[in-house]
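Reviewing the structure listed below.
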Amino acid sequence: MRVEHEMSRKTIRLIILGIGHAGKSTVMKQLKLLFGVAPTLQERKFMTDIIVRQVVRDLQLLIRKTEEFSMQETPFADEALKDMIRDMDPFCRLTPEIWEALRYIWSEVSIQFTWQNRSTFHVNDSLSYFMNNIDRLSHASYIPSQMDLVHAKVSTLGITQQAFTYNHTDFKITDVGGQRSERRKWVHLFWDVTAIMYVAALNDFDRFLEEDARQNALAESMAVFHEMYDSPHLHNVTFFLILNKIDLFMEKLPRVPVNSVDCFRDFEGPPGDVRAALRYFMFRFMGSPGRREAGPATDSPGASGGGGGEHPCPRRMYSHVTCAIDSSAIQEVFVECQRMILLKQMQDGGFLHAV
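Per my numbering: the sequence shown ends with 426, consecutive numbering throughout.
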């Protein structure tokens with residue numbers, strides 16, 4: 072269709088927003104891998120030390136937090152080994168003996184208890200992935216795989232951009248840091264933006280901000296989302312709400328009831344019920360009459376949509392529940408985003424009636 076082809080050639084400017092640790096950079100990395108230029112061998116080699124040092128630092132943090140918890144009933148079996156790993160320089164050369172010590176520390180009951188209760192402090196969720204792949208990481212010739220790159224945590228400071236063409240459509244994707252100190256830069260990106268992909272981590276419902284230990288992370292994410300959606304500068308922008316980390320959310324929910332958290336005492340669903348919890352959080356993000364979703368209703372924990380009707384103005388918002396480390400899931404989300412954006416452009420151009 073000629074009209075659709077002409078509309079698709081207009082560059083789509085998509086901004087990825089969200090608070091820190093929501094998974095924005097993971098989404099950006101997935102889009103680069105899926106639709107951009109694959110990382111070179113040199114770029115992958117560059118990440119080797121970053122990943123290894125990240126693993127060491129995360130394990131050292133777990134040791135310190137375990138000591139703070141004072142778990143006298145399950146002390147470390149080897150205190151000397153624990154002290155050695157805790158105090159060593161993360162940049163030192165890792166010998167086979169040190170790698171074996173890291174493996175041993177990770178298997179400690181007290182460390183696993185701290186890991187399961189990591190909501191009280193900030194440690195990278197990807198640590199378990201890398202420890203499950205420690206045989207590869209410890210090999211002298213280790214070079215990170217694409218999946219390793221997706222799991223690697225490198226905080227976004229400043230602005231990162233990526234341009235690519237997909238399905239005859241030109242995209243310019245922008246990722247910007249989500250910590251409070253970085254958000255003042257957001258307003259400079261809003262000129263000529265086509266759509267905003269707002270990423271929120273579902274498993275943050277019982278966590279606190281890294282920069283403010285008094286503020287619930289998911290409540291802050293909701294407040295920032297509402298501020299962005301209600302901004303007059305973004306009135307004509309299509310919003311995509313990405314509720315991320317569904318895998319970690321489903322793992323946590325049986326252990327941590329939603330209404331055990333002060334911010335979410337009004338949750339009345341059955342304990343551990345994923346669907347009820349998703350409906351609740353979807354409503355908390357979009358329950359206001361001015362923030363109704365335009366997509367189809369669904370009860371699937373892993374699908375897009377969520378229901379609730381459409382705002383009287385022609386503005387559109389769509390939601391997706393997903394896991395950013397799943398390449399196929401992010402590809403599905405992105406393809407749907409492209410379809411909705413092109414549909415809106417055709418409606419705005421008078422080629423289609425709004426539906």
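Backbone N, C-alpha and C define an ideal beta-carbon position, used for all residues, glycine too.
Bear in mind the structure is a predicted one, so any value in this text is a computation, not a measurement.
*Hey, would you say W170 sits closer than 8 angstroms to I122, going by beta carbons?*
As a first step, residue 170 is located in the sequence shown; it is residue number 99 there, counting from the start. As a first step, residue 122 is located in the sequence shown; it is residue number 51 there, counting from the start. It is not a contact, given that the beta carbons lie outside the stated cut-off.
*From what residue to what residue does the beta strand (DSSP E) around K243 run?*
Locating residue 243 in the sequence shown gives position 172, where the first residue counts as 1. Bounds of the beta strand (DSSP E) holding K243 are T240 to V247.
_Separation of R135 from D154, as counted between CA atoms_ = Here residue 154 refers to the residue found at position 83 when the sequence shown is read from its first residue. Here residue 135 refers to the residue found at position 64 when the sequence shown is read from its first residue. In a straight line, the C-alpha of D154 is about 10 angstroms away from that of R135.
*Give the straight-line distance between the Cα atoms of V308 and R251, rounded to the nearest whole angstrom.*
To locate residue 308, count along the sequence shown from 1; it is residue 237. To locate residue 251, count along the sequence shown from 1; it is residue 180. Rounded to whole angstroms, V308 to R251 spans 23 angstroms at the Cα level.
_Assigned exposure category for T82 - 16 Cβ within 10 Å defines buried_ = Residue 82 sits at position 11 when you count from the first residue of the sequence shown. Classification of T82: exposed, given that the 10 Å Cβ count is below 16.
_Is it the case that the region 409-416 contacts the region 232-240, given that we only count it when at least three CB pairs across the two stretches are under 8 angstroms?_
yes
*Take the Cβ of W177 as the centre, count every other Cβ of all protein chains shown within 10 Å, and call the residue buried at 16 or more, exposed below.*
Here residue 177 corresponds to residue number 106 of the sequence shown, with the count starting at 1. Its Cβ being crowded by 16 or more others within 10 Å, W177 is buried.
*Taking one C-beta from the region 336-348 and one from the region 285-293 each time, how about it: are there three or more such pairs within less than 8 angstroms?*
No contact exists between the region 336-348 and the region 285-293.
*asked:* My assumption, with CB atoms under 8 angstroms, is that A459 sits in contact with N315. Please give the rounded CB distance.
replied: Here the chain has residues from 72 to 426 only, and residue 459 is not among them.
_Can you list, in chain order, the residues of its chain with a C-beta nearer than 6 angstroms to that of A172? Leave out the 5 residues immediately preceding and following it._
Position 101 of the sequence shown holds residue 172. Contacts found: L152 and I156.
*Could you pull the start and end residues of the beta strand (DSSP E) that S390 belongs to?*
Position 319 of the sequence shown holds residue 390. Per DSSP, S390 belongs to the beta strand (DSSP E) from M388 to V392.
*asked:* Bridge partners for A21 per DSSP, in chain order?
replied: Outside the shown range of the chain (72 to 426) lies residue 21, about which nothing can therefore be said.
*asked:* Starting from N203, trace the alpha helix (DSSP H) in both directions and tell me its first and last residue.
replied: Position 132 of the sequence shown, counting from 1, holds the residue named residue 203. From DSSP, the alpha helix (DSSP H) with N203 extends over L198 to N203.
*Just confirm the distance between the C-beta atoms of M99 and Q233, as a whole number of angstroms; I'd bet it's less than 8 angstroms.*
For this step, residue 99 is matched to residue 28 along the sequence shown. For this step, residue 233 is matched to residue 162 along the sequence shown. Their Cβ separation, rounded to whole angstroms, is 7 angstroms, which keeps M99 and Q233 in contact under 8 angstroms.
*T231 - partner residues in DSSP beta bridges*: On the sequence shown, position 160 is the one that residue 231 refers to. In DSSP, T231 forms a bridge with D246.
*asked:* For D263 and R84, which I take to be in contact (beta-carbon distance under 8 angstroms), what is that distance rounded to the nearest angstrom?
replied: Counted from its first residue, the sequence shown places residue 263 at position 192. Counted from its first residue, the sequence shown places residue 84 at position 13. Confirmed, Cβ separation roughly 6 angstroms.
_Buried versus exposed, by CB contacts within 10 Å (16 or more), E282_ = Taking the sequence shown and counting its residues from 1, one reaches residue 282 at position 211. E282 comes out exposed.
*asked:* Given a cut-off of 8 angstroms on the beta-carbon distance, is the pair G249 and I401 in contact?
replied: By 1-based counting over the sequence shown, the position of residue 249 is 178. By 1-based counting over the sequence shown, the position of residue 401 is 330. No, the pair does not count as a contact, with Cβ atoms beyond the cut-off.
*Delimiting residues of the beta strand (DSSP E) encompassing F352*: Residue mapping note: residue 352 aligns to position 281 of the sequence shown, counting from 1. Here F352 belongs to no beta strand (DSSP E); instead the alpha helix (DSSP H) covers V345 to M357.
*Cβ separation of R189 and P161, assumed to be a contact under 8 angstroms, to the nearest whole Å*: Position 118 of the sequence shown, counting from 1, holds the residue named residue 189. Position 90 of the sequence shown, counting from 1, holds the residue named residue 161. With 8 angstroms as the limit, R189 and P161 do not qualify as a contact, their Cβ atoms being about 19 angstroms apart.
*Expressed to the nearest angstrom, what Euclidean distance is found between the alpha-carbon atoms of V194 and T185?*
Mapped onto the sequence shown, residue 194 falls at position 123. Mapped onto the sequence shown, residue 185 falls at position 114. C-alpha separation (whole angstroms): 11 angstroms.
*When DSSP labels each residue in this structure, what does Y269 get in the three-state scheme?*
As a first step, residue 269 is located in the sequence shown; it is residue number 198 there, counting from the start. Y269: strand per DSSP, three-state reduction.
*Can a CB atom of chain C be found closer than 8 angstroms to the CB of E282?*
The structure shown contains no chain C; it holds only a single protein chain.
*Check T166 in the structure and name its three-state DSSP category.*
Reading the sequence shown from its first residue, position 95 is the one you call residue 166. It is coil, neither helix nor strand.
*Helix or strand or just coil, what does DSSP make of L173?*
Within the sequence shown, the letter at position 102 stands for residue 173. L173 falls in the helix class under three-state DSSP.
_Considering only DSSP beta bridges, list what I16 is partnered with._
Beyond the ends of the chain as shown, which are 72 and 426, falls residue 16; an answer cannot be given.
*Should V270 and G94 be called a contact, given that it needs their Cβ atoms to be closer than 8 angstroms?*
Counting from 1 along the sequence shown, the entry for residue 270 is found at position 199. Counting from 1 along the sequence shown, the entry for residue 94 is found at position 23. Result yes, Cβ atoms of V270 and G94 sit closer than 8 angstroms.
*Quick one: measure Cβ to Cβ for T97 and A395, integer angstroms, because I've assumed they're closer than 8 angstroms.*
Residue mapping note: residue 97 aligns to position 26 of the sequence shown, counting from 1. Residue mapping note: residue 395 aligns to position 324 of the sequence shown, counting from 1. At roughly 4 angstroms, the Cβ-Cβ gap stays under 8 angstroms, so T97 and A395 are in contact.
*Check whether the region 327-341 touches the region 297-308, taking contact to mean three or more Cβ pairs, one atom from each stretch, closer than 8 angstroms.*
no
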